[in-house]
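**Student:** First the structure, which I've put down as structure tokens, then a few questions once you've had a look.
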Amino acid sequence: GAVVSQHPSRVICKSGTSVKIECRSLDFQATTMFWYRQFPKKSLMLMATSNEGSKATYEQGVEKDKFLINHASLTLSTLTVTSAHPEDSSFYICSADRDGTYEQYFGPGTRLTVT
Amino acid sequence: AQKVTQAQTEISVVEKEDVTLDCVYETRDTTYYLFWYKQPPSGELVFLIRRNSFDEQNEISGRYSWNFQKSTSSFNFTITASQVVDSAVYFCALSEAHGSSNTGKLIFGQGTTLQVKP
């Protein structure tokens with residue numbers, strides 16, 4: 001099966017610091033990956049579409065300078081939350097679009113807590 | 116604009132009951148995909164089904180079944196003989212078909228929390 005990993009699974013950081021979250025497709029290539037954010041008891045909100053070798057496409061209202069996305073290879077996308085603040089605390093989930101199948105596989109999520 | 120509505124916020128049933136989770140969608144695309152995902156308390160999304168807009172056949176997989184009605188823009192999900200392990204949040208989602216300008220990004224409904232009591 002197709003597996004997507006995320007690292008770290010949980011992170012606690014102090015306000016003002018930056019946090020990097022990795023999303024890896026372990027056994028398939030993914031030209032396109034997606035980053036979602038989920039607040040408690042809420043739905044998933046798409047933040048951006050990450051494209052290998054090109055700039056990410058951000059959804060309306062998502063600050064690109066705040067949430068830096070890099071998709072350096074066909075199996076890795078990273079999301080960096082810069083100068084994190086308590087309101088950035090959330091559950092971040094990535095997904096990878098398996099090349100050639102139109103099937104999207106989700107990572108286990110990263111719970112970010114900013115103190 | 117695309118939209119997915121799951122009107123049922125929370126459903127509570129007793130084990131062995133059948134339960135149907137509703138999903139209504141809006142799209143102007145003629146080609147699209149519909150999905151159901153399960154999110155247990157651990158948080159990881161579990162893929163359940165993907166349905167192409169051209170395939171209106173209902174599908175059954177074990178205790179799970181899906182009813183796709185294009186005429187009413189609905190894609191409902193039924194769990195037969197529910198079990199405690201079915202307790203989770205269930206999301207319905209819609210994606211554009213892949214193409215020169217479409218990335219296949221998913222639009223999620225609000226989710227339905229299902230609680231199955233023993």
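Protein chains in written order, with the working numbering: chain A, 1 to 115; chain B, 116 to 233. For glycine and all other residues, C-beta sits at the position ideal for the given N, C-alpha and C.
(1) When you compare only the Cα positions, how much space is there between S25/A and L76/A?
(2) My understanding is that Y152/B touches F162/B, with C-beta atoms under 8 Å, so please give their C-beta distance in whole angstroms.
(3) Is it true that the region 26 to 34 of chain A meets the region 61 to 77 of chain A, where meeting means three or more beta-carbon pairs spaced less than 8 Å apart?
(4) With DSSP run on the structure shown, which of helix, strand or coil describes E87/A?
(5) Cβ closer than 9 Å: which chain A residues qualify as neighbours of E159/B?
(6) Kindly provide the ranges of any beta strand (DSSP E) runs that are 3 or more residues long and lie completely inside the region 61 to 113 of chain A, ordered along the chain.
(7) I need the DSSP call for T187/B, collapsed to helix, strand or coil.
(8) Taking only beta carbons into account, state which residues of the region 118 to 137 of chain B come closer than 8 Å to chain A, listed in chain order.
(9) If you follow the beta strand (DSSP E) that A203/B is in, where does it begin and where does it stop?
(10) In its own chain, which residues sit with a C-beta less than 8 Å from the C-beta of C138/B, not counting the 5 before and 5 after it?
(11) Name the chain A residues that come within less than 7 Å of F223/B, Cβ to Cβ?
(12) Judging by CA-CA distance, which residue of K220/B, T228/B and G226/B is the nearest neighbour of N51/A?
(13) Whole angstroms are fine: how far does the CA of G158/B sit from the CA of T228/B?
(14) Determine whether the beta carbon atoms of V4/A and V81/A lie at a separation below 7 Å.
(15) Leaving aside the five residues before and after E130/B along the sequence, list all residues of the same chain whose C-beta is less than 8 Å from its C-beta, in chain order.
(16) Using a Cβ-Cβ cut-off of 7 Å, state whether G219/B counts as contacting chain A.
(17) Compare the C-beta of G177/B against all C-beta atoms of chain A and say whether one is closer than 7 Å.
(18) Quick one: residues in its chain with C-beta nearer than 6 Å to the C-beta of R111/A, no 5 flanking neighbours on either side, listed in chain order?
**Tutor:** Put simply:
(1) Walking along the first sequence from the start, residue 25/A turns up at place 25. Walking along the first sequence from the start, residue 76/A turns up at place 76. Distance between the alpha carbons of S25/A and L76/A: 7 Å.
(2) To locate residue 152/B, count along the second sequence from 1; it is residue 37. To locate residue 162/B, count along the second sequence from 1; it is residue 47. Going by Cβ atoms, the distance from Y152/B to F162/B rounds to 6 Å, so yes, they are a contact pair.
(3) A contact between stretches requires three or more CB pairs, one per stretch, nearer than 8 Å, and the region 26 to 34 of chain A meets this requirement with the region 61 to 77 of chain A.
(4) Locating residue 87/A in the first sequence gives position 87, where the first residue counts as 1. In this structure, E87/A counts as helix in the three-state DSSP scheme.
(5) If you number the second sequence from 1, residue 159/B lands on position 44. Near E159/B (Cβ distances below 9 Å), the residues of chain A are I93, F106, G107, P108 and G109.
(6) 67 to 73, 76 to 81, 90 to 98 and 103 to 106
(7) As a working note, residue 187/B is residue 72 in the second sequence. Correct three-state label for T187/B: helix.
(8) Taking 8 Å as the cut-off between beta carbons, none of the residues of the region 118 to 137 of chain B comes near chain A.
(9) In the second sequence, counting from the first residue as 1, residue 203/B sits at position 88. Element bounds for A203/B: A203 to E211.
(10) In the second sequence, counting from the first residue as 1, residue 138/B sits at position 23. Cβ within range, chain order: V119, T120, Q121, L149, W151, S189, F190, N191, F192, C207 and G224.
(11) Start at 1 with the first residue of the second sequence, and residue 223/B comes out as number 108. Within 7 Å Cβ-Cβ: S43 and L44.
(12) Here residue 51/A is taken as the residue at index 51 of the first sequence, counted from 1. Among K220/B, T228/B and G226/B, the Cα nearest to that of N51/A is on K220/B.
(13) Within the second sequence, numbered from 1, the residue matching residue 228/B stands at position 113. Within the second sequence, numbered from 1, the residue matching residue 158/B stands at position 43. Taking the straight line joining both Cα atoms gives about 13 Å.
(14) Reading the first sequence from its first residue, position 4 is the one you call residue 4/A. Reading the first sequence from its first residue, position 81 is the one you call residue 81/A. The Cβ-Cβ distance between V4/A and V81/A does not fall below 7 Å.
(15) Within the second sequence, residue 130/B is the residue found at index 15, counting from 1. These residues qualify, in order along the chain: S197, Q198, V199, V231, K232 and P233.
(16) Locating residue 219/B in the second sequence gives position 104, counting from the first residue. Cβ-Cβ to chain A under 7 Å: yes for G219/B.
(17) Residue 177/B sits at position 62 when you count from the first residue of the second sequence. It does not: the Cβ of G177/B has no partner Cβ on chain A nearer than 7 Å.
(18) Along the first sequence, one-based indexing puts residue 111/A at 111. So the list reads R10 and F91, once near-sequence residues are dropped.
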